[in-house]
Structures are given as structure tokens and as C-alpha cells.
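See structure below.
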């Protein structure tokens with residue numbers, strides 16, 4: 042039996058999986074992401090998860106033939122590392138990945154991707170159909186995309202392609218993104234920014250009456266969606282978010298002409314009717330190209346982890362015809 046490993050490195054959790062040669066996951070292991078003191082602590086957590094998943098599968102890490110890693114960024118592909126991750130403390134600095142993982146499994150077959158590219162690879166491999174032209178978009182604490190064109194997953198020279206959340210959707214720039222730039226898609230529609238967008242909309246209309254606790258520091262995107270159909274202002278916010286999401290997805294479709302767009306991330310996964318359905322219904326009004334099939338990811342919150350496994354199995358492509366030896 043041949044075994045392959047996948048790692049999902051996020052800002053809050055690290056997960057690893059071991060799979061057989063057909064891509065069936067046989068074991069997993071998960072722990073919290075260290076918040077310091079340095080990036081080496083995060084590297085050690087990744088290695089711990091791989092060892093744990095291997096132990097749960099009753100195999101030695103040296104029996105793993107190849108590994109894939111889907112990670113937060115930004116990446117330094119040349120060094121196989123994460124460089125100054127935005128959502129971890131400043132002391133983290135560099136997180137070495139491909140070298141230490143390769144040493145653990147005694148293999149040079151270790152591929153590193155940003156998390157959305159890993160999502161695209163996973164969605165390609167594990168879908169009933171295996172389209173060469175597809176996009177995976179995550180709408181979560183941030184927004185990003187993994188894109189496959191003509192069967193090639195677009196990584197960019199440094200591994201950081203797909204930062205579509207930082208496309209300008211609002212030329213008036215009414216909202217400032219967490220990156221410091223104005224009018225970005227993420228500034229309006231990510232889970233972290235929807236609360237601030239709601240507050241801005243309330244300030245623009247002094248006649249607003251709402252039961253939403255806008256001034257509560259714990260006010261969240263969940264509060265907005267949970268009040269859909271109950272609070273008219275919540276419905277207004279959701280409508281505006283749907284508009285910007287449709288614009289953002291339409292821009293991605295115009296750029297890459299995918300046959301399928303898969304949507305994932307916590308905001309989409311937890312609110313399919315309010316987030317995914319409006320995009321599906323409205324996107325055709327914005328397109329010159331053929332309208333793609335827009336659907337929720339079929340892999341849930343395991344899309345990045347399974348993408349990392351699929352990367353190990355298919356030499357980083359997600360193409361099921363390129364299953365590794």
C-alpha cells in the first residue's frame with residue numbers, strides 16, 4: 042500500500058491527513074497553530090501533525106511517498122516557506138515547510154501551495170467531473186481564489202497568485218481593506234469586514250432602525266445573517282454584500298472563463314442561500330462569456346486538506362490522470 046500526506050496550515054489550526062493511492066483519507070491529526078515564539082514552532086506543529094496522522098494510520102512517516110501542503114501566505118516558493126504571515130504575530134517571521142517535511146518523510150516530493158490553490162486542486166481531483174478550467178473561491182475571514190486554466194493551476198512566480206479579494210470592486214473606495222488599500226472586494230464581503238461594512242451603511246443613513254447590536258465589539262457577520270428576514274437593515278446589508286460578491290465573481294469569470302466556480306469558506310458554507318444563491322442567480326447579467334456553473338464546494342471545510350492530499354497524489358495538479366506512482 043502506498044501512502045500520501047496532506048497538510049492544511051491555517052492561522053488557527055494545523056491539520057494533516059494520510060491517504061491511500063486512490064485519495065481515500067485513512068487518518069487525520071489536528072492541533073492549534075502556535076502563535077510563537079518563532080516560525081520554527083509552527084514548523085514543529087506541522088511535523089507533529091504529520092507524525093500524528095501517520096501514527097493513527099499505523100505507519101512510519103518514512104512510508105509516505107509524497108506530501109502536499111496548503112498554507113496561509115504569503116509564500117516564498119523558492120525557499121519552500123511562509124514569509125511573515127499576515128494573520129500570525131510579527132515574531133513568527135519565516136516558517137520553513139518543504140525542507141523539514143521532506144526530511145521527515147524521506148522524500149523530495151513535497152509541494153507547497155497557498156490555501157486557495159490547494160482548494161482548487163482538491164476540488165478538481167475529488168469532483169465527479171475533472172474540468173481543466175475551474176475556479177475555487179473562498180469567502181471567509183478573507184477572500185481568495187485558486188484558478189485552473191487549460192489544466193494548469195496558476196501559482197504565480199512566487200506562489201501568491203489568486204489574491205482576488207484585493208481586486209477593486211468599488212471605484213469610490215468607501216471601505217478601506219485590511220491591507221490598507223481602498224475599494225477591495227474583501228473590505229465589503231469577508232467575514233472580518235462585513236460588521237464594519239454594516240456600521241458604515243448605518244452611518245450613511247441616519248434614519249436606520251435596527252435590532253442589530255452595531256456598537257457591540259462582538260458584533261459579527263453571523264449576527265447579520267442570523268437576522269435575515271427578521272431585521273430589514275440586516276436584509277439590506279446582505280443585499281449589498283450579494284451585489285459586491287456578484288461583481289467580484291463576475292470579474293474572476295471574465296478573466297479566466299471557468300466552466301465551474303466552486304465557493305467555499307465559512308461565510309459561504311454557513312449561508313448558502315444568502316451568499317451562493319444570489320451569485321448564481323445574478324452573475325449572468327454581468328458576463329460577456331458563457332455563464333459557469335456556480336456551486337458550493339462539495340468538500341466543505343476539508344477542501345484545503347484534501348487539496349493538499351490531491352497535490353501529493355498528482356504532482357501538484359489535481360489532474361486525476363496524473364496519479365503518482
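In the numbering used here, the protein residues as written are 42 to 366.
The beta carbon of each residue, even a glycine, is placed where N, CA and C say it ideally should be.
Please read all numbers here as calculations on a predicted model, not as lab measurements.
8 angstroms Cβ cutoff met for residue i and residue j
| i | j | result |
| --- | --- | --- |
| residue 85 | residue 72 | no |
| residue 57 | residue 91 | yes |
| residue 310 | residue 275 | no |
| residue 133 | residue 304 | no |
| residue 87 | residue 138 | yes |
| residue 60 | residue 350 | yes |
| residue 124 | residue 118 | no |
| residue 337 | residue 45 | no |
| residue 186 | residue 194 | no |
| residue 68 | residue 105 | no |
| residue 162 | residue 358 | yes |
| residue 150 | residue 94 | no |
Distance, residue j Cα to residue i Cα
| i | j | result |
| --- | --- | --- |
| residue 312 | residue 278 | 14 angstroms |
| residue 219 | residue 266 | 22 angstroms |
| residue 238 | residue 360 | 39 angstroms |
| residue 191 | residue 344 | 21 angstroms |
| residue 235 | residue 51 | 21 angstroms |
| residue 141 | residue 292 | 38 angstroms |
| residue 210 | residue 131 | 30 angstroms |
| residue 306 | residue 43 | 31 angstroms |
| residue 348 | residue 83 | 20 angstroms |
| residue 249 | residue 232 | 22 angstroms |
| residue 55 | residue 246 | 43 angstroms |
According to DSSP, residues forming a beta bridge with residue i
| i | result |
| --- | --- |
| residue 56 | 49 and 71 |
| residue 164 | Answer is none; residue 164 lacks a bridge partner. |
| residue 137 | 122 |
| residue 369 | The chain is shown only over 42 to 366; residue 369 falls outside these bounds and no answer can be derived. |
| residue 109 | 47 and 152 |
| residue 175 | 189 and 301 |
Any C-beta of chain D under 8 angstroms from that of residue i
| i | result |
| --- | --- |
| residue 177 | No chain D appears in this structure, which consists of one protein chain only. |
Environment of residue i [buried if 16+ CB atoms lie within 10 Å]
| i | result |
| --- | --- |
| residue 315 | buried |
| residue 102 | buried |
| residue 153 | buried |
| residue 264 | buried |
Cβ-Cβ separation, residue j to residue i (assumed contact under 8 angstroms), whole Å
| i | j | result |
| --- | --- | --- |
| residue 184 | residue 206 | 3 angstroms |
| residue 174 | residue 299 | 5 angstroms |
| residue 126 | residue 136 | 7 angstroms |
| residue 301 | residue 321 | 12 angstroms between Cβ atoms; not a contact. |
| residue 208 | residue 225 | 7 angstroms |
| residue 382 | residue 216 | There is simply no residue 382 to check, as the chain begins at 42 and stops at 366 in what is shown. |
| residue 114 | residue 155 | 5 angstroms |
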